[in-house]
Structures are given as structure tokens and as C-alpha cells.
Amino acid sequence: MQPIKWEEGRLLLIDQTRLPHQEDWLSCTSYREVAEAIKTMQVRGAPAIGIAAAFGLVLGAQEYAHLQAQDFQQKLQEIAAELAATRPTAVNLFWALEKMAQVVDELAGQNPSLIVRELERAAGQMLAEDLAINKQIGNYGQELFPSPARVLTHCNAGALATAGYGTALGVIRAAHAAGKVQQVYASETRPLLQGARLTAWELHREGIPVTLITDNMAGYLLQQKMVDLVIVGADRIAQNGDVANKIGTYSLAVLAHANSIPFYVAAPISTFDFNISTGREIPIEERDPREVTCLMGQSIAPEGVAVFNPAFDITPAQYITAIITEAGILRPPYGEGIAALRSEKGS
Ligand code: MRU
Numbered sequence: 012m013q014p015i016k017w018e019e020g021r022l023l024l025i026d027q028t029r030l031p032h033q034e035d036w037l038s039c040t041s042y043r044e045v046a047e048a049i050k051t052m053q054v055r056g057a058p059a060i061g062i063a064a065a066f067g068l069v070l071g072a073q074e075y076a077h078l079q080a081q082d083f084q085q086k087l088q089e090i091a092a093e094l095a096a097t098r099p100t101a102v103n104l105f106w107a108l109e110k111m112a113q114v115v116d117e118l119a120g121q122n123p124s125l126i127v128r129e130l131e132r133a134a135g136q137m138l139a140e141d142l143a144i145n146k147q148i149g150n151y152g153q154e155l156f157p158s159p160a161r162v163l164t165h166c167n168a169g170a171l172a173t174a175g176y177g178t179a180l181g182v183i184r185a186a187h188a189a190g191k192v193q194q195v196y197a198s199e200t201r202p203l204l205q206g207a208r209l210t211a212w213e214l215h216r217e218g219i220p221v222t223l224i225t226d227n228m229a230g231y232l233l234q235q236k237m238v239d240l241v242i243v244g245a246d247r248i249a250q251n252g253d254v255a256n257k258i259g260t261y262s263l264a265v266l267a268h269a270n271s272i273p274f275y276v277a278a279p280i281s282t283f284d285f286n287i288s289t290g291r292e293i294p295i296e297e298r299d300p301r302e303v304t305c306l307m308g309q310s311i312a313p314e315g316v317a318v319f320n321p322a323f324d325i326t327p328a329q330y331i332t333a334i335i336t337e338a339g340i341l342r343p344p345y346g347e348g349i350a351a352l353r354s355e356k357g358s
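If you're matching positions, the sequence shown starts at 12 in our numbering and goes up one per residue.
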């Protein structure tokens, strides 16, 4: 399953707001459509929004390729700023736009049509590399699984959240291919139900045994020793190993710790933010209250009730057993291992 495709100068995205019941593809022909798709979470998941934004910049570059070199570059900066303003927490978005900005800088003053071609090449490379990176994360991560393994995951860190294969779900896929997976528990992930709609869909259609639970059931499963390990993805990882991920991840990590169950994070190097020391510096997106007061378009709360809707939380490094990256497995204390990844990130 590859949710992002670049075909004949258009960006094709599987519309994740319509899954699991409809497999609709969006065809984006302008950077504005890509920005809107990221905001509305038609495309979501840290690596996927980074890649989508990169192609968004390509679309913007195509649109303004008729401008003079200097105006063209100025326009590209404005477009990148618009794409960067779509969602604040996942650092992959800023990482991808930074990579694209480097391409533009290196070709400063050149013919815009040459810059468009190079941007297209760079975005295509990002897409292809993400898939390879996920497979590598899967190879490393599956070594951590006992056999047979009963696994709990939260939100969707799967093929849909990446160029394909997935990070946390990539590890699960690799472990399943190695014959190690007995059961995957997917927590539904209120308010937007990425676990129920997306993770359960991805695994079920591939024949990987998946059981859906509501978020508040996780503690019971962990206490009853029905789970051997928890594995999740990440939206941003600080220099000390603190992890921002979907709201509810922190509660799972504390519960895993209290029940002596390993808690793993799987993420590419592009998810590390080498500019911040701890998770306290990570901006947490707050989303529309209607995501909480409505369930699949149906109101479930009194009209006018106050709502708090943070989309992510921070899991302190002390609750994380290991972080699985394409460069290998990091163990606490994380500071040194994360610093060593910096040169590999290339920004
Ligand atoms: O709000 P979302 O659906 O974009 O949040 C996604 C997550 O929290 C994922 O776990 C994270 O981006 C990792 S995806 C490989």
C-alpha cells in the first residue's frame, strides 16, 4: 500500500478521512490543495505530511516557473511558509521543506525550469528513500519481538502515515513476516480514530491478526499480561529522547512502565529535532473542538460545552525502552546516540 503517488505532474493522495469505507484518491494540482489536504488530515502521519509538502512545493514551483529568477525564489519561500503553517508538531514537515530549500539555494539564480526539475527529483527521492528507510526500521525492530508476540499499538504509524510499509506498523509487518506475531491490539485513538479506521484497516486487509480496543481498555490488557510489548511511531523526538506522538501515547507508556512491559518507539532520523533539548519545547497542535464533540459527523455532547483537544502528547524518555531507527536501535540514556544520528540527518 503506497498512499502517496506522483504521476504526470500531479500528486495523488489516498483520502484518509474516507477510510476504511471508501478508497478515494485526491488529485492535487496546486500547492494550495496540498496544504489543505495536510490541514484537513486527508494526508496525515509525520513522514507522509513531509513528503506531501515536498511535492506541494514542486507544484508551486511549476505554477510560478514563468517568473524571473529572483521573483521565483521569493515566491517559493512564500509557498514553503504556507506549507509549513499547516501543522505544527511533526518535525518531518519542516525537515522536508528544509531539504527542498537547500535544493533551491544550491541553484540560486538558475533558470526556474531547471529548479522545478531538480525539486521534482528531490521530492521523488524523498518518497523512494522513505520506503527503504521503513523497511530498514522493520528489519531492526522485529529483532526485539519475542515469538509469539502480542503487541499493542496506538494511532496509525503504518503505510498510510509514510511512503509505504510504515514505522511502528513496519516493524509489526517485518515481525509478522518472520512468523512472530500472534496478535496486534490497535487502540481506536479518539478523537479521529486513526487506530480503528486506518491501523485496523491496514492490518486486517493484509491478514495480520488485529483486535480493536477502545483507548480506555489498554490499562486492563497490560495489567492482565495480554500484551508483550507496546510499539508506536513519533512526530518529533527531542535530543534527550522525549517523544511527541498521538495524544494517549504518554498514558500507554506510563501503563507499560507500571506493568513492566517494554515500550518501543519506531521513527526515521527525519523525526529527530536536533534543535531542541527536551520534549517541553515541542509545540503541541490543538485542533477543532468539533473533533471531540462529534463522532463521524454525529454530535455526542451538549451544545456549547467547553472542549480541550490537544492532538499530541509528550512521552518522557524515561518510559521508553528503545527507539528504533534506520541506523539501528537506540537505548537509554539517549543523548549520545541521538547526537550521533545528527550527521546522518544531513540538516
Ligand atoms: O494526527 P496524526 O494522525 O497525523 O498523528 C499521527 C501520529 O501520531 C503517528 O503516530 C506519527 O505521525 C508517526 S507516523 C509514522
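Every residue gets a Cβ at the ideal spot worked out from N, C-alpha and C, and that includes glycine.
Computed from a predicted structure; not experimentally measured.
Check whether the Cβ atoms of residue i and residue j sit closer than 8 Å, and answer yes or no.
i              : j              : result
histidine 187  : isoleucine 224 : no
asparagine 145 : glycine 175    : yes
valine 128     : isoleucine 49  : Valine is not the amino acid found at residue 128; the sequence shown has arginine there. No.
threonine 51   : aspartate 246  : no
arginine 21    : serine 38      : yes
alanine 57     : glycine 244    : yes
isoleucine 90  : leucine 118    : no
glycine 135    : tryptophan 17  : yes
alanine 46     : leucine 94     : yes
What did DSSP end up calling residue i once you bin it into helix, strand or coil?
i                 : result
phenylalanine 156 : coil
serine 41         : coil
proline 58        : helix
serine 358        : The pLDDT assigned to serine 358 is 46, lower than 50, so where the model puts this residue is not dependable; a value taken from the coordinates is nonetheless given after this. In the structure shown, serine 358 sits in coil (DSSP, three-state: anything other than H, G, I, E or B).
aspartate 116     : helix
serine 281        : helix
proline 396       : Since the first residue shown for the chain is 12 and the last is 358, residue 396 is missing from the structure and cannot be characterised.
glycine 135       : helix
asparagine 286    : coil
tyrosine 330      : helix
lysine 86         : helix
serine 262        : helix
histidine 187     : helix
histidine 77      : coil
lysine 236        : coil
glutamine 53      : coil
Residues in its own chain within less than 8 Å of residue i by CB, not counting five upstream and five downstream?
i             : result
serine 358    : Note that serine 358 scores a pLDDT of 46, beneath 50, so its modelled location is shaky; the value from the coordinates is reported in the next line. Cβ within range, chain order: Trp106, Glu109, Lys110 and Gln113.
threonine 304 : Ser310, Ile311, Ala312, Val316 and Val318
lysine 86     : Gly71, Tyr75 and Leu78
glutamine 13  : Leu142, Ala170, Ala174 and Gly175
alanine 322   : Thr100, Lys257, Ile258, Ile295, Glu296, Glu297 and Arg298
glutamate 199 : Gly206, Ala207, Leu223, Ile224, Thr225 and Asp226
glutamine 121 : Ala80
By Cβ distance below 6 Å, which residues in the same chain neighbour residue i in space, the five residues on each side in sequence not counted?
i              : result
isoleucine 334 : Val276 and Leu341
glutamine 205  : Cys166 and Asn167
leucine 163    : Tyr196, Val238 and Val241
glutamine 147  : Glu337
proline 202    : Glu302 and Val303
methionine 137 : Ile62 and Ala65
Can you determine whether any heavy atom of ligand 3 sits closer than 7 Å to the C-beta of residue i, and answer yes or no?
i          : result
lysine 110 : This structure does not include ligand 3; its bound ligands are ligand 1.
Among residues of its own chain, excluding the 5 on either side of residue i, which ones have a beta-carbon nearer than 7 Å to its beta-carbon?
i             : result
glycine 346   : Gln250 and Asn251
aspartate 209 : Here residue 209 is leucine; the residue named in the question, aspartate, does not match the sequence. Excluding residues within five positions, the ones whose Cβ falls inside 7 Å are Gln27, Leu30, Asn167, Gly169 and Leu171.
glutamine 234 : Asn270
threonine 332 : Pro273, Phe274 and Tyr275
Query raised in the report: Do the stretch 62-81 and the stretch 239-255 touch if we need at least three Cβ pairs shorter than 8 Å?
Result: no
Query raised in the report: Between the stretch 228-246 and the stretch 264-283, do at least 3 Cβ pairs fall closer than 8 Å?
Result: Yes, they touch.
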